[in-house]
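Q: Going by our numbering, the sequence shown runs without a break in its numbering and finishes at 464.
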Amino acid sequence: MTTSIAPRRAAARSAARRGILLGWLFAAPALIAYCAFVIYPLALGIQYSFYKWNGVGPSEWVGLANYLRVFTDATLLGSIGNAFVLIGFFTIIPVAAGLVLATLIRSLKPGPFSSFSQTVLFLPQIIPLAAAGIAWSWMYAQTGAVNQVLNAVGLGFLARPWLGDFQTALPAVGLIGSWVLTGLCTVLFLTGIGKIDQSLYEAVRLDGASWWREFFTITIPGLRQEIAVLVTITVIAALSSFDIIYTTTLGGPGRATLVPGISIYRIGFTQSEVGLASAFGIVLMALVLACVLPIQRLARASER
Numbered sequence: 161m162t163t164s165i166a167p168r169r170a171a172a173r174s175a176a177r178r179g180i181l182l183g184w185l186f187a188a189p190a191l192i193a194y195c196a197f198v199i200y201p202l203a204l205g206i207q208y209s210f211y212k213w214n215g216v217g218p219s220e221w222v223g224l225a226n227y228l229r230v231f232t233d234a235t236l237l238g239s240i241g242n243a244f245v246l247i248g249f250f251t252i253i254p255v256a257a258g259l260v261l262a263t264l265i266r267s268l269k270p271g272p273f274s275s276f277s278q279t280v281l282f283l284p285q286i287i288p289l290a291a292a293g294i295a296w297s298w299m300y301a302q303t304g305a306v307n308q309v310l311n312a313v314g315l316g317f318l319a320r321p322w323l324g325d326f327q328t329a330l331p332a333v334g335l336i337g338s339w340v341l342t343g344l345c346t347v348l349f350l351t352g353i354g355k356i357d358q359s360l361y362e363a364v365r366l367d368g369a370s371w372w373r374e375f376f377t378i379t380i381p382g383l384r385q386e387i388a389v390l391v392t393i394t395v396i397a398a399l400s401s402f403d404i405i406y407t408t409t410l411g412g413p414g415r416a417t418l419v420p421g422i423s424i425y426r427i428g429f430t431q432s433e434v435g436l437a438s439a440f441g442i443v444l445m446a447l448v449l450a451c452v453l454p455i456q457r458l459a460r461a462s463e464r
């Protein structure tokens, strides 16, 4: 009996080892690509952040001086502040609008209008951000579509060069981000609503609940995971924004729309301060993690 069990155990262990080896072989291409394009550049960025280097000549060890400059430079701190302002436009508005739109679309009978509305809302995700930024910069111009509409409805006194005004440039850019991300939020929420047990809606309707009570007691609790995912995505988009601002304002007028992505680009490629740009990039990565990890922790806690 024992002589027959031992070979079986050995065969099982051998099969398990082969399975593990096969798994690593399948994962190897992705791991190699991840190390080559993520881990290695990140390690280089951390290394460069401790040096003063123009990208060509000899480098000079400066320790934490680059990080100290990041936290004491008013311009760099101001760009971080602008990024946090954009969270309101990139996260709060799209998530709230997506919740409402998804609920309204879901209440419609399935048909051409429902499919058409989902397609229209998702279109901004298909358009490249650079192209969207250029199109919106034309619409925001003094003679653009936005001011023409304001003049047509009798609100011409509000017309202005929206991207050239210090007071309106950042909100104007933020609204472009809201437009881009609202469709993604709506489509994901529609998928999430489809997973909610419909008997819950029928029960509250039999109790005579209003639309608002149905929305707050059934829909939102049932979409906790989708909300966490979208908040994570949109917060990262706000803090790492670059494309839209680069194609619309380049951080101007003045520093009104300057964000970390544009600052890193300017410091590294215009001012040739690779070490400072690397330090700011590492700080930005830490800032993103500091914002995203608590969201993920709260999302996991809500599952329990």
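Don't be surprised by glycine CBs; every beta carbon is placed ideally from N, CA and C.
1) In whole angstroms, what separates the C-alpha of isoleucine 180 from that of arginine 169?
2) Does the distance from the C-beta atom of isoleucine 422 to that of alanine 437 stay below 7 Å?
3) In terms of residues, what are the limits of the alpha helix (DSSP H) holding threonine 342?
4) Got a sec? Which residues, its chain only, sit under 7 Å from glutamine 385 by beta carbon, not counting five neighbours each side?
5) Measure the beta-carbon distance from threonine 409 to alanine 329 and round it to whole angstroms, keeping in mind my assumption that it falls under 8 Å.
6) Please classify valine 306: is it buried, with 16 or more other beta-carbons within 10 angstroms of its beta-carbon, or exposed?
7) Could you tell me if glycine 223 is buried or exposed, where buried requires 16 or more neighbouring beta carbons within 10 angstroms of its beta carbon?
8) Note down, in chain order, each residue of its chain lying with its Cβ closer than 6 Å to the Cβ of glycine 382, except the 5 sequence neighbours on either side.
9) Tell me the DSSP secondary structure of tyrosine 300 in three-state form.
10) Among Arg229, Gly334 and Ser277, which has the Cα closest to the Cα of phenylalanine 249?
11) Compare the beta carbon distance of glycine 343 and glutamine 302 with 7 Å and say whether it is the shorter of the two.
12) Mark valine 216 as exposed unless 16 or more other C-beta atoms lie within 10 angstroms of its C-beta, in which case mark it buried.
13) Can you say whether alanine 262 is buried or exposed, counting buried as having 16 or more other CB atoms within 10 angstroms of its CB?
14) Alpha carbon to alpha carbon, how far is alanine 416 from arginine 229? Give it in angstroms, no decimals.
15) Apart from the five residues on each side of it in sequence, which residues of its chain come closer than 7 Å, Cβ to Cβ, to leucine 236?
16) Straight-line CA distance for leucine 399 to valine 452?
17) Alpha carbons only, please: which of Ser209, Ser359, Ile336 and Ile427 is nearest the one belonging to aspartate 403?
18) Going by C-alpha to C-alpha distance, which of Asp325, Leu259, Gly352 and Gly414 sits closest to leucine 341?
19) Residues in its own chain within less than 8 Å of methionine 161 by CB, not counting five upstream and five downstream?
A: On the basis of the supplied data:
1) The residue given as residue 180 occupies position 20 in the sequence shown. The residue given as residue 169 occupies position 9 in the sequence shown. Those two C-alpha atoms are separated by around 16 Å.
2) Counted from its first residue, the sequence shown places residue 422 at position 262. Counted from its first residue, the sequence shown places residue 437 at position 277. In this structure, alanine 437 does not lie closer than 7 Å to isoleucine 422 by Cβ.
3) Your numbering for residue 342 matches position 182 in the sequence shown. Its alpha helix (DSSP H) spans residues 329-355.
4) Position 225 of the sequence shown, counted from the first residue, corresponds to residue 385. Excluding positions up to five away in sequence, the list reads Ala459.
5) For the purposes of this step, residue 409 is taken as residue 249 along the sequence shown, with counting starting at 1. For the purposes of this step, residue 329 is taken as residue 169 along the sequence shown, with counting starting at 1. Their Cβ separation, rounded to whole angstroms, is 6 Å, which keeps threonine 409 and alanine 329 in contact under 8 Å.
6) If you number the sequence shown from 1, residue 306 lands on position 146. So valine 306 ends up on the buried side.
7) Residue 223 sits at position 63 when you count from the first residue of the sequence shown. Exposed, since its Cβ has fewer than 16 Cβ neighbours within 10 Å.
8) As a working note, residue 382 is residue 222 in the sequence shown. Excluding sequence neighbours, glycine 382 sits near Ile356.
9) What you label residue 300 is simply residue 140 of the sequence shown in a count that begins at 1. Of the three classes helix, strand and coil, the one that applies to tyrosine 300 here is coil, per DSSP.
10) Your numbering for residue 249 matches position 89 in the sequence shown. Nearest of Arg229, Gly334 and Ser277 to phenylalanine 249, Cα basis: Gly334.
11) Working through the sequence shown from its first residue, we reach residue 343 at position 183. Working through the sequence shown from its first residue, we reach residue 302 at position 142. No, the Cβ-Cβ distance between glycine 343 and glutamine 302 is not below 7 Å.
12) Counting from one through the sequence shown, the residue named residue 216 turns up at place 56. By the 10 Å Cβ count, valine 216 comes out exposed.
13) The residue labelled residue 262 in the question sits at position 102 within the sequence shown. Buried, by the Cβ-count rule.
14) Start at 1 with the first residue of the sequence shown, and residue 229 comes out as number 69. Start at 1 with the first residue of the sequence shown, and residue 416 comes out as number 256. Whole-angstrom Cα-Cα distance: 21 Å.
15) As a first step, residue 236 is located in the sequence shown; it is residue number 76 there, counting from the start. Within the same chain, leucine 236 has close Cβ partners Val230, Ser423 and Phe440.
16) In the sequence shown, residue 399 corresponds to position 239, counting from 1. In the sequence shown, residue 452 corresponds to position 292, counting from 1. Taking the straight line from one Cα to the other gives about 11 Å.
17) Taking the sequence shown and counting its residues from 1, one reaches residue 403 at position 243. Considering only alpha carbons, the answer is Ile336.
18) Reading the sequence shown from its first residue, position 181 is the one you call residue 341. Cα-wise, what sits closest to leucine 341 is Leu259.
19) Working through the sequence shown from its first residue, we reach residue 161 at position 1. In this predicted model, methionine 161 has a pLDDT of only 47, less than 50, meaning its place in the structure is not dependable; the value taken from the coordinates is given anyway. Counting only Cβ-Cβ distances below 8 Å, and skipping sequence neighbours, we find nothing.
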